[in-house]
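*Asks:*
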Amino acid sequence: MLRFVQMSKRGQKTRSRYGESGAGGSARASRKFNQRVAVRVNYSTNKNPGQWKAHGKYLARESATQGGRAAESGFNANDQNVDIATTLDNWQSAGDERLFKIIVSPEFADRLNL
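Converting from the sequence shown to my numbering requires adding 695 to each position, the first position being numbered 1.
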């Protein structure tokens with residue numbers, strides 16, 4: 696019986712959180728821009744001198760950057776080319792308590808234009 700109800704609703708116009716949609720409505724077209732994403736957040740406490748700088752060097756290594764451009768791997772609100780290791784070392788020297796590490800992994804990362 697449930698299968699019959701589901702089949703009978705297929706041709707009807709429905710309302711979803713994306714707006715009105717029918718058999719080939721706009722919601723289907725907007726789905727091509729949707730993707731799943733995994734986010735991982737952890738932090739490192741300020742324990743050992745140079746610990747954050749070493750992590751910055753690890754992030755900026757040639758094998759982890761696009762096109763092997765390690766010097767251009769960091770950015771902030773003002774600049775596009777920031778030395779990650781120096782910035783992290785400055786934050787640790789200033790007495791920041793924690794360094795948050797956030798990894799964002801989109802489903803179609805290869806299609807992103809960074």
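Glycine included, C-beta positions come from ideal geometry on N, C-alpha and C.
Measure the Cβ-Cβ separation of Lys-796 and Tyr-738 and say whether it is below 8 Å.
*Replies:* Yes, Cβ-Cβ distance for Lys-796 and Tyr-738 is below 8 Å.
*Asks:* On the three-state DSSP scale, how would you describe Gly-745?
*Replies:* The answer is coil: DSSP assigns Gly-745 none of H, G, I, E or B.
*Asks:* For the beta strand (DSSP E) that Ala-780 lies in, which residues bound it at each end?
*Replies:* Note, Ala-780: premise wrong, no beta strand (DSSP E); alpha helix (DSSP H) at 779-788.
*Asks:* Out of curiosity, what's the CA-to-CA distance linking Asn-771 and Gln-730?
*Replies:* Using only the alpha carbons, I get a separation of about 26 Å.
*Asks:* Where Gly-790 and Asn-741 are concerned, what is the direct C-alpha to C-alpha distance, given to the nearest angstrom?
*Replies:* When rounded, the distance between both Cα atoms is 8 Å.
*Asks:* Pick helix, strand or coil for Ala-804, following the three-state DSSP scheme.
*Replies:* Reduced to three states, the DSSP call for Ala-804 is helix.
*Asks:* Give the DSSP bridge partners of Asn-737, in chain order.
*Replies:* DSSP output for Asn-737 lists Lys-796 as bridge partner(s).
*Asks:* Report all residues from its chain with a CB closer than 7 Å to the CB of Ile-779; omit the five preceding and five following residues, and keep chain order.
*Replies:* Same-chain partners within the cutoff: Gly-751, Leu-754, Ala-755, Ser-768 and Gly-769.
*Asks:* Relative to the alpha-carbon of Ala-749, which residue among Asp-805, Thr-781 and Glu-802 has its alpha-carbon at the smallest distance?
*Replies:* Residue Thr-781 is the option with its Cα nearest to Ala-749.
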